[in-house]
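One structure is given here, and the rest of the page talks about it.
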Amino acid sequence: MAQSMGMSTGMEQSLNPKMIAFYELLQQPGVELEQAIESELQDNPALEVTAERLCPACGAHMMSAVCRECGYKFTKEEEEATEAVHEKIQDLAIEASPMEKPVYTGDEDGFDVMARLTATETLSEHLRWQWRMSCSDENRSLGDQLIGCINDDGYLD
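If you count the sequence shown from 1, you need to add 109 to reach the numbering used here.
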């Protein structure tokens, strides 16, 4: 009986559920796609639609001054009115007041930042904590004695 060993490389393409859902969305007609988007917007409160201009003639979303659906073109007056509204909205932007930062007055000369930090846990304290979590009451004193014999470098004295 002959045995052999070999190695081969290959690529395999697989679809995950996200890709399947994406392809299903791509295949939907425009009306069904808009309905799916509306239902997702209603189901997920974290999603929101950005303010876009709608064509007054057909109601389609307009990315520029000319509607791609029906060819409607905004007049200069409508463009100026839209820009004026956008400028007013930007002017109304209210900034949140910044948090008050603590002001150093110089009176805290004796203040030591390092004194406020918590002390680090020593090796023996950490080992005792682990031992208490996993041992029974009968073995606790034995473990405490052994841990007491361990120095800070982790070696037995």
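The beta-carbon is built from N, C-alpha and C at its ideal position, and this holds for glycine as well.
6 Å Cβ shell around residue i - same chain, five flanking residues per side excluded
{"i": "TYR181", "result": "CYS164 and ALA166"}
{"i": "PHE183", "result": "ALA174"}
8 Å Cβ shell around residue i - same chain, five flanking residues per side excluded
{"i": "ALA145", "result": "LEU134 and GLN137"}
{"i": "LEU142", "result": "LEU134"}
Status (buried if at least 16 other CB within 10 Å, exposed otherwise) for residue i
{"i": "CYS176", "result": "buried"}
Under 9 Å between C-beta atoms of residue i and residue j
{"i": "GLU188", "j": "ALA169", "result": "no"}
{"i": "ASP261", "j": "SER233", "result": "yes"}
{"i": "ARG249", "j": "TRP240", "result": "yes"}
{"i": "ILE259", "j": "ASP253", "result": "no"}
{"i": "GLU161", "j": "MET171", "result": "yes"}
Residue i CB to nearest heavy atom of the ligand SAH below 8 Å
{"i": "ASP253", "result": "This structure does not include the ligand SAH; it has no bound ligands of any sort."}
Contacts around residue i, its chain only, beta-carbon distance under 7 Å, and the 5 residues preceding and following it disregarded
{"i": "GLU178", "result": "CYS164, CYS167 and ALA169"}
{"i": "PRO207", "result": "Any reading at PRO207 must be qualified, since the residue scores a pLDDT of 48, below 50, and its modelled position is unreliable; the value itself is stated next. Within the same chain, PRO207 has no close Cβ partners at all."}
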